[in-house]
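What follows is one structure encoded as structure tokens, with my remarks underneath.
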Amino acid sequence: MDKSLFISPSPHIRAQDSIPRLMYSVIVTLIPAGVFGVYWFGINTLWIMLVSIASAVLAEMLCQCIMKRPIEILDGSAVLTGLLLAYNLPPGIPLWLPAAGSFVGIVIGKQIFGGLGYNPLNPALVGRAFLMASWPVHMTVFGALPSGTSLSGIDALTSATPLNVFKQAREILLDSASHSIQEVTEASLSISQLYSSYGALFTGRIGGCIGETSAILLLFGAAFLLYKRIIGWKIPFSYIGTVALLTWIFGGTDGLLSGNPLFHVLSGGLLLGAFYMATDMVTSPVTVKGRILFGIGCGVLTVLIRLKGGYPEGVSYAILLMNLTVPLLDRYTRPKLFGGS
Amino acid sequence: MFRKSFTFRGGVHPRENKFRTEHLAIESLPIPGQVVIPLLQHIGTPAEPIVRKGDRVKVGQLIGEAKKFVSVPIHASLGGIVVVVEPRPHPLGIDVLSVVIDRDETDQMPAFSKDPEWKTLSVEEMKFRILQSGIVGMGGAGFPTHVKLSPPPDKKIDRLIINGAECEPYLTSDHRMMIEQTDEILGGVRILGKILNVKEIIIGIEANKQDALKRFRKKTAGLKKIQVFVLRVKYPQGGEKQLIKAVTGREVPSGGLPMDVGCIVQNVGTAQAVYEAVCYRKPLIERVVTVTGPGVIRPGNIRVRIGTPIREIIAFCGGLAEPAAKLVHGGPMMGISQYTDTVPVIKGTSGILVLDKKTANQPPEKPCISCARCVDVCPMRLMPNRIATLVEYAQHEAARLQGLFDCMECGSCSFICPARRNLVQYIKLGKAVCTNNTKIAS
Chain A
1 MDKSLFISPS PHIRAQDSIP RLMYSVIVTL IPAGVFGVYW FGINTLWIML
51 VSIASAVLAE MLCQCIMKRP IEILDGSAVL TGLLLAYNLP PGIPLWLPAA
101 GSFVGIVIGK QIFGGLGYNP LNPALVGRAF LMASWPVHMT VFGALPSGTS
151 LSGIDALTSA TPLNVFKQAR EILLDSASHS IQEVTEASLS ISQLYSSYGA
201 LFTGRIGGCI GETSAILLLF GAAFLLYKRI IGWKIPFSYI GTVALLTWIF
251 GGTDGLLSGN PLFHVLSGGL LLGAFYMATD MVTSPVTVKG RILFGIGCGV
301 LTVLIRLKGG YPEGVSYAIL LMNLTVPLLD RYTRPKLFGG S
Chain B
1001 MFRKSFTFRG GVHPRENKFR TEHLAIESLP IPGQVVIPLL QHIGTPAEPI
1051 VRKGDRVKVG QLIGEAKKFV SVPIHASLGG IVVVVEPRPH PLGIDVLSVV
1101 IDRDETDQMP AFSKDPEWKT LSVEEMKFRI LQSGIVGMGG AGFPTHVKLS
1151 PPPDKKIDRL IINGAECEPY LTSDHRMMIE QTDEILGGVR ILGKILNVKE
1201 IIIGIEANKQ DALKRFRKKT AGLKKIQVFV LRVKYPQGGE KQLIKAVTGR
1251 EVPSGGLPMD VGCIVQNVGT AQAVYEAVCY RKPLIERVVT VTGPGVIRPG
1301 NIRVRIGTPI REIIAFCGGL AEPAAKLVHG GPMMGISQYT DTVPVIKGTS
1351 GILVLDKKTA NQPPEKPCIS CARCVDVCPM RLMPNRIATL VEYAQHEAAR
1401 LQGLFDCMEC GSCSFICPAR RNLVQYIKLG KAVCTNNTKI AS
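Sequence order for the protein chains is A and B.
Residue 208 in my numbering sits at position 208 of the first sequence; the count goes up by one each step and never skips.
Positions in the second sequence are counted from 1; adding 1000 to them yields my numbering.
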């Protein structure tokens, strides 16, 4: 009997959660928003998702083969990267775009750093940033809404997302002296239409990237992840709270405190970014204070880009930039030792 | 009924698994044919043997003498002949000089009768009886009780905390003692309170032991000095520093002792042993052990003589359901896995846990994904992920600066890690390397 006894240091029991279980839980909660994307934007978006996932998994396998590491494509992390990248792409793009984005995201964003756990940046966002820089036209043309009705008359073909409409209209209103009265009237009409379209924003019947439009389905998924404690509340809540506060203060057209925070929270990729990408464990801080600061930083950068930057949406770059601060945040927010002075 | 429950920040919720034994009354193991009594069953200097091969000993007879202050005497738990005094396997995983006694016809448990004069004993006399009886902390660590009861005069002690948390999964020996030996425990608590001359005594019991809570509430009703606190069910609620934090709000300073914040913590089992030592002059020669786990046919709470090989206790419990995969001395979170079932029960043995293949299986380590769960659960508020990585790369000095030696080795980090990283194991390794000042070959 003696020789058969297994020896190891304590603890002798482990919790049930494993990396694949965490990854697949996140994937499952993302599915409703994706199904809505296919319903709303058409079957083409399903192919985009599948190509993106397939490319991510293949790139992962290729790297692991070349580096002679164990093949771990079933742990769900590459699938999640591919899925998240697809959710962040406009619905009308050609299929080679997600293939290229996922490949770059996995190879350059993740595997060359050593694979899962060692990547400083969110791989899906690396892929998206790569596509944005390389094929900006493809990445910013959202096309006409499937229902044929756009949210406003302004430049509906290339800027059908609410944030894009908002940005153009707001710029006109802030600089009304140099625009015609008709332009100003149209712009203020656009903004009031946007502010009264909460129903469409909640359900996702708006223009935007494939998986980011349906606020209600993303919130359901996030609620499940929060309840199961797969993600924490600190990053998404501090992120969204900061965006709401800053857009309320600075986001309006009638000076300070005239913004509409709810519009900004529901528009663009904020909910998807705050609950599913800023919370990426590998690329977010481990300390409590660090996570809150990380969320606030993401919020500040997002609002800065949305209101002052060249892009209508800033979630991706905000998260990528904050990813880079994680080692610093962790270092300076070390928890106070039990019994420490 | 007990709505307010006390706790600390952090900790984990492993499956309790106490259902196997929590309702089973304590039974006594038949007297074994042989006992192996290690001369080191406590923290401190080993006792020195005063018997030799061939000597006849009686139950309760002194066989090992404490020569230093931080040491305790060892007594025979069986009457018979000393067959050998030699190093034998010990639950700590090392060989320790042990006295092996074969039972013979002269074996008889002496009638320990109550000393009618005990209430008139002075504090020093009571402490002397505790020392003489070889009492150590029975929660597992085995710190000599008389040392703990002798704080330096500049440390003012105002709280005595009695630890009835029993937060380790599977174990129920303290629980059963609290139900079946309530009066003896309370007797010991009063003696400890008198020795320390404290204003307040707090008995902390986890909320999963409602029957024990009710008994203690009832027995202490109307007493101003003794209070019963409900503790939230959480591991490591019974950790000394966590318990103090939970019931007093005080934090033992880093590197300090409970006495630095005016507290002394004693386990319920220790209180019962103190009662027997002071009132009956009975040395510590037996204790209650929970024998449990998926690998045992008939789990139970068994009163056994110190020195009984655990093989005999498992046999008494119906043997093993299948070839044991892992044999653990203590609980699943902090217990020590054994390479042989010949090791004896010692004063600090709270349980014997037999795990099957499924439970004992240690899944392979994956890279850290920075999920922060270890940081969230660490009751000492360390960053186990960082310390473990530093130790992994032999950066021991950096690990020390991150609080390596503040780790209490509760194992919550390793338990919770979804990447199955051996976090606390690295930390233990780091401590060993720092302590020995040796370099591990890379």
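We treat Cβ as the ideally placed atom computed from N, Cα and C, and that holds for glycine.
Note that this is a predicted model, so its numbers are computed, not measured.
Of all residues in the segment 1248-1276 of chain B, only E1251, V1252, P1253, S1254 and G1256 place a beta-carbon less than 7 Å from a beta-carbon of chain A. Listed along the chain, the chain B residues whose CB falls inside 9 Å of the CB of A/S18 are P1363, K1366, P1418, A1419 and R1420. Counting C-beta pairs closer than 8 Å gives fewer than three between the segment 66-80 of chain A and the segment 236-251 of chain A, which falls short of the contact rule. In terms of beta-carbon proximity, B/Y1393 stays away from the interface with chain A, with every pair separated by 8 Å or more.
Any Cβ of chain A closer than 8 Å to the Cβ of B/V1289 would place that residue at the interface, and such an atom is absent. If you look at A/F250, you'll find it in the alpha helix (DSSP H) that goes K234 to F250. In this structure, the alpha-carbon of A/F263 lies about 20 Å from that of A/P90. For B/V1072, there is no enclosing alpha helix (DSSP H), since its DSSP letter is neither H nor E. G114, G115, L116, G117 and Y118: these are the residues of the segment 101-130 of chain A whose beta carbon lies less than 9 Å from some beta carbon of chain B, given in chain order. Contacts between B/I1346 and chain A, judged by CB atoms closer than 9 Å, are missing: the closest CB pair is about 17 Å apart.
Rounded to the nearest whole angstrom, the CA to CA distance from A/L321 to A/K234 is 18 Å. Judged by beta-carbon spacing, A/S102 lies within the 8 Å limit of A/S55, meaning their Cβ atoms are closer than that value. Taking CB atoms only, B/R1381 has a neighbour in chain A less than 8 Å away. Taken in chain order, the complete alpha helix (DSSP H) segments of 4 or more residues contained in the segment 1403-1440 of chain B are 1412-1416 and 1423-1436. Cβ proximity to chain B below 8 Å picks out S4, L5, F6, I7, S8, P9, S10, P11, H12, I13, R14 and A15 from the segment 3-15 of chain A. Within the same chain, Cβ atoms closer than 8 Å to the Cβ of B/R1305 are found at L1029, I1031, P1032, V1035, S1077, L1078, I1285, E1286 and V1345, the five residues on either side in sequence being excluded.
Sixteen is the threshold: since fewer than 16 other Cβ atoms of the shown chains lie within 10 Å of the Cβ of B/K1199, the residue is exposed.
Counting the other Cβ atoms within 10 Å of the Cβ of A/Y87 gives 16 or more, which makes it buried.
At a C-beta separation below 7 Å, B/L1327 has these neighbours in chain A: L5.
Here B/L1186 is actually not in contact with B/G1204; their C-beta atoms are around 14 Å apart, not less than 8 Å. Around the beta carbon of A/K110, 16 or more other beta carbons sit within 10 angstroms, so the residue counts as buried. Beta-bridge pairing by DSSP links B/L1062 to B/H1075. Put simply, the backbone Cα of B/R1088 is about 13 Å away from that of B/Y1339.
Within the segment 22-38 of chain A, L22 place their CB atoms closer than 8 Å to a CB of chain B, listed in sequence order. The beta carbon of A/F338 falls within 8 Å of a beta carbon belonging to chain B, placing the residue at that interface.
A residue is called buried when at least 16 other Cβ atoms come within 10 angstroms of its Cβ; B/E1105 does not meet this threshold and is exposed.
Following the DSSP letters along the chain, one finds B/P1038 inside the beta strand (DSSP E) bounded by residues Q1034 to P1038. For the segment 1192-1213 of chain B, the beta-carbon criterion of a distance under 9 Å to any beta-carbon of chain A is satisfied by none of its residues.
For A/S4, the three-state secondary structure derived from DSSP is helix. Each of B/C1374, B/L1404, B/I1026 and B/V1252 was checked against the Cα of B/G1010, and the nearest Cα belongs to B/C1374.
Taking C-alpha positions only, B/A1212 is separated from B/M1178 by approximately 6 Å.
Nearest to A/L85 by alpha-carbon distance, out of A/V126, A/C63, A/I112 and A/P120, is A/V126. Per DSSP, reduced to three states, the secondary structure at B/T1220 is coil, with no helix or strand assignment. Identification of residues in the segment 1092-1113 of chain B having a C-beta nearer than 8 Å to some C-beta of chain A yields an empty set. Contacts between B/T1389 and chain A, judged by CB atoms closer than 8 Å, are missing: the closest CB pair is about 11 Å apart. Scanning B/L1171, B/I1264 and B/L1131 for the CA closest to the CA of B/T1021 turns up B/L1171.
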